[in-house]
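Residue numbers (the numbering used here), protein chains in the order written: chain A, 131 to 351; chain B, -16 to 220.
Think of the CB as a built atom: it goes at the ideal place given N, C-alpha and C, for glycine as much as any other residue.
Keep in mind it's a predicted model, so treat the numbers as computed, not measured.
These notes are about the structure you will find just below.
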């Protein structure tokens, strides 16, 4: 447990020292959001209808684009081997790493989502609902994405293959996340979708570290 | 089980299975097609167009079944490092992708006259499409590494992770309101399909399964031969 906290502290320190890189996520989100009014037309009705979906897709893409930074640098500078050699279980360390990564992507998406929603003329109910649901859904995105990142670490293959591996597994999160966001925004009963999202998160918390650790052990065999 | 970890003994089982499976396909395929296309009555609503069911439903079943074969092989490969299980999983993957593509394709052709559209984004269709991409991801991951051993084991992990999708596909028509009809054969309370249509369908399903076994044996033999060539230092031409 101490080792996991130490790793978390190191990752957060690294993220703070490279604040520019972290802010790139925000820049990416803002820029990608502007593409939609330009691409599908700037009518507020249309944007309000697709806005929540757009933000969910952008959250997914932001997680996907960050996957290469999850384990690859550690492999290159040798610290991944140190993690494996450490007496602490790799599954716990991996969980700490994913949490640090989520703070730098998923949490940023969650916090900026009301602003992005404003740009997409979402109604105010949706601006409140989105961050709540994103906070519940984006950790699952990171955990499932980390499986793909760990499988591909050291392969030298780009984001395309990672997308092919990870996207099919992320789709359920997208479906239930969007369902919950829209139900909450419309003032409808969203308990079912929220419970399912929470269930997905718990399942991913329990199972994804096993798969990630197995993939990392394989990579360093 | 480990007795069968050598290509020689495993090959002997394959040799024993293959002629029976092939004979089964050669005998049952004409019977099944004749039952499906001639004997079975046309659907009272859909007419003769419903006969595509006898291809569509077995390929959809096979799409799931082959993934199960692939995942079991992958699990055995990861747990016991069983080399033949690994080769079986690898050999099954393109077949599963082909069955999934066939199910999607025939479903699309069936959907156009019946639903008025080639494609809808409902749960059953979307989850089958995801299954197709899982197969593609497995195959791509297999080829992604210079070291084939690493590719095989990484792909095996992916195959196991993807198993979560199977119950979602199977029960998607029960959990969500979809355009696709709910399960009519494997359901509590017995099948809702009339025996005159059930028997041709089950025969066709058996034909598909035997055909899968035939092609699987051929593909395993191919992979074993390729591996042998590689170990002898012969490049694949």
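For the pair the region 189 to 207 of chain A and the region 150 to 159 of chain A, tell me if three or more CB-CB distances fall below 8 Å. Taking a cut-off of 8 Å for Cβ pairs, the region 189 to 207 of chain A and the region 150 to 159 of chain A touch, as three or more such pairs fall below it.
Who does residue 26/B pair with in a DSSP beta bridge? Looking at the DSSP output, residue 26/B shares a beta bridge with 30/B.
At the 8 Å Cβ level, is residue 133/B part of the contact set with chain A, yes or no? Taking Cβ atoms only, chain A reaches closer than 8 Å to residue 133/B, which makes this a yes.
Could one say the Cβ of residue 124/B lies closer than 8 Å to chain A's Cβ atoms, at least one of them? It does: the Cβ of residue 124/B has a partner Cβ on chain A nearer than 8 Å.
For a contact defined as C-beta to C-beta under 7 Å, what are the partners of residue 128/B on chain A? In chain order: 285.
Relative to the C-alpha of residue 80/B, which residue among 17/B, 94/B, 115/B, 65/B is closest? The candidate whose alpha carbon is nearest that of residue 80/B is 115/B.
Going by DSSP, what residue range makes up the alpha helix (DSSP H) through residue 89/B? It spans 66 to 98 - the alpha helix (DSSP H) in which residue 89/B sits, taken as one unbroken run.
Residue 269/A touches chain B at which residues, Cβ-Cβ below 9 Å? Those within 9 Å of residue 269/A in chain B number zero; the least Cβ separation is about 17 Å.
Where does residue 135/A land, buried or exposed, given buried means 16+ other C-beta within 10 angstroms? Exposed is the call here.
Would residue 295/A pass as an interface residue toward chain B - the criterion being a Cβ-Cβ separation below 8 Å? It does: the Cβ of residue 295/A has a partner Cβ on chain B nearer than 8 Å.
Among residues of its own chain, excluding the 5 on either side of residue 306/A, which ones have a beta-carbon nearer than 6 Å to its beta-carbon? The answer, listed in chain order, is 323, 326, 327.
Are the C-beta of residue 116/B and some C-beta of chain A separated by less than 8 Å? Residue 116/B counts as touching chain A.
Taking residue 211/B as the query, report the chain A residues whose CB atoms sit under 9 Å from its CB, ordered along the chain. In chain order: nothing, as chain A lies at least about 24 Å away.
Please state whether DSSP places residue 150/B in a helix, a strand or coil. Residue state, collapsed to three classes: helix.
CB-CB under 7 Å to residue 83/B, same chain, minus the five flanking residues each way: which ones, in chain order? Once the five neighbours on either side are set aside, the close Cβ partners of residue 83/B are 46, 111, 114, 115, 118.
Residues of its chain near residue 20/B, where Cβ-Cβ distance is below 7 Å and the 5 sequence neighbours each way are ignored: Cβ within range, chain order: 34.
Out of -11/B, 14/B, -12/B, 91/B, state which residue places its alpha-carbon closest to the alpha-carbon of residue 189/B. Looking at the Cα atoms, 14/B is the closest of the given residues.
Of all the options 255/A, 186/A, 141/A, 219/A, which has the alpha carbon lying nearest to the alpha carbon of residue 199/A? The option with the nearest alpha carbon to residue 199/A is 141/A.
Count the other CB atoms within 10 Å of the CB of residue 145/B; is the residue buried (16 or more) or exposed (fewer)? Note on residue 145/B: 16 or more other CB atoms within 10 angstroms of its CB, so buried under the neighbour-count rule.
Can you find at least 3 beta carbon pairs, one from the region 244 to 260 of chain A and one from the region 307 to 314 of chain A, that sit closer than 8 Å? Cβ pair count under 8 Å is three or more, so yes.
Decide yes or no for the touch test of the region -13 to -5 of chain B against the region 212 to 232 of chain A: beta carbon pairs closer than 8 Å, at least 3 of them. Touching, no, given that fewer than three Cβ pairs across the two stretches are closer than 8 Å.
Roughly how many whole angstroms lie between the Cα atoms of residue 271/A and residue 245/A? Between residue 271/A and residue 245/A, the C-alpha separation is close to 21 Å.
Which of helix, strand or coil does DSSP assign to residue -8/B? In this structure, residue -8/B counts as helix in the three-state DSSP scheme.
Specify, as a first and last residue, the run of the alpha helix (DSSP H) that residue 282/A falls within. Here the alpha helix (DSSP H) through residue 282/A covers 254 to 282.
Could you say which of 168/A, 284/A, 139/A lies nearest to residue 204/A if we only look at CA atoms? Taking each of 168/A, 284/A, 139/A in turn and checking the Cα distance to residue 204/A, the smallest one comes out for 284/A.
With a 10 Å radius around its C-beta and 16 neighbouring C-beta atoms as the bar for buried, classify residue 177/B as buried or exposed. Under this definition residue 177/B is an exposed residue.
Residue 172/A - DSSP class collapsed to helix/strand/coil: DSSP places residue 172/A in coil when its eight states are reduced to three.
Under a three-way DSSP split, which group does residue 104/B fall into? Three-state result, residue 104/B: coil.
Residue 18/B - containing alpha helix (DSSP H), residue span: Segment: none, residue 18/B is in no alpha helix (DSSP H) and carries neither H nor E.
Residues in the same chain with beta-carbon distance under 7 Å from residue 350/A, minus the five sequence neighbours each way, listed in chain order, please. These residues qualify, in order along the chain: 210, 211, 214.
Roughly how many angstroms lie between the CA atoms of residue 56/B and residue 197/B, to the nearest whole one? Taking the straight line joining both Cα atoms gives about 17 Å.
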